[in-house]
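So the structure is just underneath, and the comments pick up after that.
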Amino acid sequence: MSTPRFLDLPPGVAPQKIETPQGTFAALEALPVSGVVERWPALLVPGLTGSKEDFIAVLMTLAQSGRRVVAVDLRGQYETPGPDDPAAYTCAALGADVDVLSQVIGGGDPVHLVGHSFGGLVAREAVIDGRTKFASFTLMSSGPAAIEGRRARNGRKILEEVPALGLEHMWQTRFEPEALANDVSDEIREFLRRRLLNNSPTGLTSMAEQVLTMRDRTDELRQIELPTLVLFGEHDDGWPPEAQSEMAARLGAESVVVPGAVHSPAVEAPETTAAALVTFWNAAEKHYLDVRSSAM
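In the UniProt record's numbering, the protein residues as written are 1 to 296.
Here is the structure:
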C-alpha cells in the first residue's frame, strides 16, 4: 500500500472529474504555477491498493516542466465508482479505460503514460492494444508478469479475506497495523482507511487476482515502437529489481534505479523520480520531432 506523506495539494494542483465515454474518473490535475502549458500532457495510473494521491509529491514538479499532468483513480478505486461485475476489472478492461482517458486528456496530442505497480500492467494493456497513440510509456515499480514476494502474499490475503470478511476486516487486521508500525500520522492513517473502504470489494479482489496471475507480455510490448522507461526503487519488494532490469534489457528500454526507494518511488524519492520522468519525457518529445522533421 503506497502511503502519501502529505495530503495538502501543492500550488497548481486541484481535484477534477474527467468525463469520458466510459464514465467519470476522479483525478488530480496539475498545471504549471508559472509559465504556460507548451509540452505534451501526462497521465499517471496508480497501483492496486493505491490512488491518485500516491502522486501528490511529484505533481507540481512534473507540471512545472510545461505540462498538464493528471493522476487518476482507476474504475472502482477510492473516488471513482465501479460496478459489481468482475469483468470490469481485468487489465484489458482497465486498459481500455486508460485509452479513453488518454484520448480525452490529450485532446489530439500524444500523452506520456506512467503506470505504477499494478497500474503498470494496466497501462501496458493500453499500449499494446494499439487504440491510442502515446508519447512515451513508463513502467514504475512494475514487472513483466505476476507480482512476487511479500506483496504477492498480501494479494492472496485480499483474495481470501475480502469476499468473506469485508474491507473493514482487512483494514483492522492488515493495513492499520502496518500503518501503526510505520508511525503514520493520524491524518494519513484516516485517509488510508477511508481510501480502502471506498474501494469496490469486487474491484479490489478482481484486480488482486489479475496482479497474481498476469502473464509476461514483454515480447508483445517490445513490438510497439514507443520510447519506454523502466523506473524502480533499489529495494523494491514487489518485483525484484533484477527482474525489472532484465525486463528493461528485453525491451531495449531506458532503466532508472532510484536510490533509497522501495516500491513507491513517487512517495519515497519524489524529486529524483520527477527529475527522471521530465528528462525522459523531454527526450521522447525531441526524438518524435526529430523523426518527423527528417521525414519531411
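C-beta atoms are modelled at their ideal positions from N, C-alpha and C, and glycine is treated no differently.
- The C-alpha of residue 201 lies about 43 Å from the C-alpha of residue 287.
- At least 9 Å separates the beta-carbon of residue 226 from that of residue 277.
- In this structure, the alpha-carbon of residue 72 lies about 25 Å from that of residue 248.
- Annotation for residue 138: the continuous beta strand (DSSP E) segment containing it runs 134 to 140.
- Shown here, residue 169 sits in a helix according to DSSP, grouped into three states.
- Taking C-beta atoms as the reference points, residue 96 and residue 22 count as a pair closer than 9 Å.
- Straight-line spacing of the CA atoms in residue 219 and residue 250 works out to 8 Å.
- Contact between residue 55 and residue 102 is ruled out by a C-beta separation of about 16 Å, above the 8 Å threshold.
- With contacts defined as CB atoms closer than 9 Å, residue 211 and residue 136 fail to qualify as a contacting pair.
- Burial state of residue 160 is exposed, judged by a 10 Å Cβ sphere holding fewer than 16 other Cβ atoms.
- A Cβ-Cβ separation of about 20 Å leaves residue 182 out of contact with residue 78 under the 8 Å criterion.
- Residue 120 is positioned such that its CB atom lies closer than 9 Å to that of residue 139.
- By the Cβ neighbour-count rule, residue 169 is exposed, with fewer than 16 other Cβ atoms within 10 Å of its own.
- The C-beta of residue 52 has 16 or more other C-beta atoms within 10 Å across all chains shown, which makes the residue buried.
- By the neighbour-count definition (other C-beta atoms within 10 Å, threshold 16), residue 144 is a buried residue.
- If you ignore the 5 residues before and after residue 147, its C-beta comes within less than 7 Å of the C-beta of 155, 211, 212, 238, 239, all in its own chain and listed in chain order.
- Per DSSP, reduced to three states, the secondary structure at residue 77 is coil, with no helix or strand assignment.
- In the DSSP assignment, residue 177 falls within the unbroken alpha helix (DSSP H) covering 176 to 181.
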